[in-house]
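Asks: Input: one structure, supplied below.
Chains as they are written, first to last, in the numbering used here: chain A, 1 to 266; chain B, 267 to 554.
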């Protein structure tokens, strides 16, 4: 479904956002991208949606060569990939309904038909009662649901979720992940960038860990139950402000350095 | 349909910018309308004078009727004259009174004594006018000869000068309105930068984003054209009685409805071209 081969992305400043990254994502897979801020998670999403072009390497999405994709085909690619943006990217002067219907309007679907699809998706993500509200009137969790609804409205094959639980309390975050998990069960391939180790642990899905633009760990394919210990380490190292870290810090204070050594392994 | 809705929302949500764009367009088309009326009127006046192969000879005060009749016979003998009409001092006063019946002050001031008697001579052929003109000028009875050819040439040179100045001003005003529209639409694009980015990311094509801005430019142009036409036509309609009495005898007013509607149609077409051009420039400049 998604294939990244030896991908590097260097910005004009000379900084490498990604260096020699390769991995495949199979159809229907649920994949976590973890890593500290600036590790390159969002850059991968931006490469997949052709917001950026890589400096080196090849990217294929559903047999489309992203690098050779002509400009007029980019909108088609973006309709194939639903994105839950880290900063939501909702139009603040439009209602939730108007925000969610936007991809359908862009695709030229008739208004009556589009309205039915929006009603159905709002029902699915549980925000029907907020239909006519403006983004400013919704809570963080409700906004995330609205963004997920917008990302799913064109029934994409792939859903990229960039820190969808970033600003949410743990209960709401779990609800969002549950929703994404249900979407995944219906066949949508999901790549989710996250800092939340509790979520990553709970779902026991494949995890790709990035650090400073390099792939440091891949728990591999659909072997979701493999290497649980390795996963735990990966998540812990990529979440410096997590509860685990706090626990480790407390532990260090009494028993000496523990996590620091693991950090050096990275 | 959705594009029109988006266009209308963009206009409605920034009314001051919309007002500025419509105002500058109205000004341009107001000038275009007035200038067209002027050209139409002067060309009608030229046609009027050109279609009348006529020379008018005004006689000196002391000239007697017998002498005038003698000159009249001489003119008839040339076989070039189609029609000849003697207008006595009294006839001239009647004509004057008829033309100024609404102005008692002018009527009081003028008597038959100060109005000259005249001969209005028309020829069958336009080219014979010069010969008749020369003959009249040589006559000691005649104080002044009004030869339409001179009127036509003076009017033509004035019209040509007006046309050049007017066209120059229209070009300048059109350029100003294009620049103002480019700036206004450019500002709108900049304000909506984030929205445009979001639309692109969710799969909107370039033209899906561009069309509302192009239509916005067309809207400003067409609204300006209609307003400019309405104001100028209303002003002309209001001024018609005054202008008709000022341009006595020259059949310009009222302007035909077909001409006015034709002007509206042409202005709307020009407005669409100007609006499209301006918004297209803005889109090229600000929506890369």
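We treat Cβ as the ideally placed atom computed from N, Cα and C, and that holds for glycine.
Could you tell me the alpha carbon to alpha carbon distance between residue 4 of chain A and residue 51 of chain A, rounded to whole angstroms?
Replies: Counting from one through the first chain, the residue named residue 4 of chain A turns up at place 4. Counting from one through the first chain, the residue named residue 51 of chain A turns up at place 51. Across the structure, residue 4 of chain A and residue 51 of chain A are spaced so that their CA atoms are roughly 15 Å apart.
Asks: Please check if any C-beta of chain B sits within less than 9 Å of the C-beta of residue 111 of chain A.
Replies: On the first chain, residue 111 of chain A is found 111 positions in, with the first residue counted as 1. Chain B contact via Cβ: present.
Asks: Secondary structure at residue 94 of chain A, three-state DSSP: helix, strand or coil?
Replies: As a position in the first chain, residue 94 of chain A is number 94, starting the count at 1. Residue state, collapsed to three classes: coil.
Asks: Check the Cβ of residue 102 of chain A against every Cβ in chain B and list those closer than 9 Å, keeping chain order.
Replies: Position 102 of the first chain holds residue 102 of chain A. Within chain B, the residues near residue 102 of chain A are 464, 465, 468, 470.
Asks: With a threshold of 9 Å between beta carbons, is residue 154 of chain A in contact with chain B?
Replies: As a first step, residue 154 of chain A must be located in the first chain, where it is residue number 154. It does: the Cβ of residue 154 of chain A has a partner Cβ on chain B nearer than 9 Å.
Asks: Three-state secondary structure (DSSP) at residue 506 of chain B?
Replies: As a first step, residue 506 of chain B is located in the second chain; it is residue number 240 there, counting from the start. Three-state DSSP puts residue 506 of chain B in a helix.
Asks: Could you tell me whether the Cβ of residue 107 of chain A comes closer than 9 Å to any Cβ of chain B?
Replies: Translated into the one-based positions of the first chain, residue 107 of chain A becomes position 107. Taking Cβ atoms only, chain B reaches closer than 9 Å to residue 107 of chain A, which makes this a yes.
Asks: Residue 4 of chain A lies in the beta strand (DSSP E); which residues open and close that run?
Replies: Working through the first chain from its first residue, we reach residue 4 of chain A at position 4. Note, residue 4 of chain A: beta strand (DSSP E), 2-10.
Asks: Verify whether the separation of the beta carbon atoms of residue 140 of chain A and residue 172 of chain A is less than 9 Å.
Replies: Translated into positions along the first chain, residue 140 of chain A becomes position 140. Translated into positions along the first chain, residue 172 of chain A becomes position 172. The answer is yes: Cβ separation under 9 Å.
Asks: Going by C-alpha distance, which of B:511, B:543, B:509, B:499 is nearest residue 524 of chain B?
Replies: As a working mapping, residue 524 of chain B is identified with position 258 in the second chain. For the residues B:511, B:543, B:509, B:499, the minimum Cα distance to residue 524 of chain B belongs to B:499.
Asks: May I ask you to list, following chain order, the residues of the stretch 43-55 of chain A that have a beta carbon less than 8 Å from some beta carbon of chain B?
Replies: 49, 51
Asks: Give me the Cα-Cα distance between residue 244 of chain A and residue 118 of chain A, rounded to the nearest whole angstrom.
Replies: In the first chain, the residue the question calls residue 244 of chain A occupies position 244. In the first chain, the residue the question calls residue 118 of chain A occupies position 118. Confidence at residue 244 of chain A is low in this model, with a pLDDT of 39, below 50, so the placement of that residue should be treated as unreliable; the coordinate-derived value is given next. Counting only the Cα atoms, residue 118 of chain A lies some 40 Å from residue 244 of chain A.
Asks: With a threshold of 7 Å on Cβ separation, who are the neighbours of residue 307 of chain B within its own chain once the five nearest residues in sequence on each side are excluded?
Replies: For this step, residue 307 of chain B is matched to residue 41 along the second chain. Cβ within range, chain order: 518.
Asks: Under 7 Å Cβ to Cβ from residue 187 of chain A, same chain only, skipping five residues before and after it: list those, please.
Replies: Along the first chain, read from residue 1 onward, the residue named residue 187 of chain A stands at position 187. For residue 187 of chain A, where only same-chain residues beyond five positions count, the Cβ hits under 7 Å are 28.
Asks: Assuming contact is defined by CB atoms lying nearer than 9 Å, are residue 405 of chain B and residue 337 of chain B in contact in what I supplied?
Replies: Start at 1 with the first residue of the second chain, and residue 405 of chain B comes out as number 139. Start at 1 with the first residue of the second chain, and residue 337 of chain B comes out as number 71. Against a cut-off of 9 Å, the Cβ pair of residue 337 of chain B and residue 405 of chain B comes out as a contact.
Asks: From this set, A:23, A:189, A:209, which residue's C-alpha is nearest residue 195 of chain A's C-alpha?
Replies: Within the first chain, numbered from 1, the residue matching residue 195 of chain A stands at position 195. When only C-alpha atoms are compared, the closest one is A:209.
Asks: Please classify residue 365 of chain B as buried or exposed, where buried requires at least 16 other C-beta atoms within 10 Å of its C-beta.
Replies: By 1-based counting over the second chain, the position of residue 365 of chain B is 99. Exposed, by the Cβ-count rule.
Asks: Taking 8 Å as the threshold, find out whether the stretch 84-100 of chain A comes into contact with the stretch 126-137 of chain A through three or more Cβ pairs.
Replies: yes
Asks: Look at the alpha carbon of residue 429 of chain B and the alpha carbon of residue 326 of chain B, and state the distance between them as a whole number of angstroms.
Replies: Counted from its first residue, the second chain places residue 429 of chain B at position 163. Counted from its first residue, the second chain places residue 326 of chain B at position 60. Roughly 39 Å between the two C-alpha positions.
Asks: Within the chosen definition, does the stretch 315-324 of chain B reach the stretch 469-481 of chain B through at least 3 CB pairs nearer than 8 Å?
Replies: no
Asks: So, at 6 Å on beta carbons, what are the nonlocal neighbours of residue 284 of chain B in its own chain, with the 5 sequence-adjacent residues on each side left out?
Replies: Taking the second chain and counting its residues from 1, one reaches residue 284 of chain B at position 18. The residues are 277.
Asks: In terms of residues, what are the limits of the beta strand (DSSP E) holding residue 290 of chain B?
Replies: Reading the second chain from its first residue, position 24 is the one you call residue 290 of chain B. Residue 290 of chain B -> not in any beta strand (DSSP E); alpha helix (DSSP H) instead, spanning 281-316.
Asks: Can you pull the chain B residues whose beta carbon is under 9 Å from the beta carbon of residue 288 of chain A, in chain order?
Replies: The structure shown has nothing for residue 288 of chain A, since chain A only spans 1 to 266.
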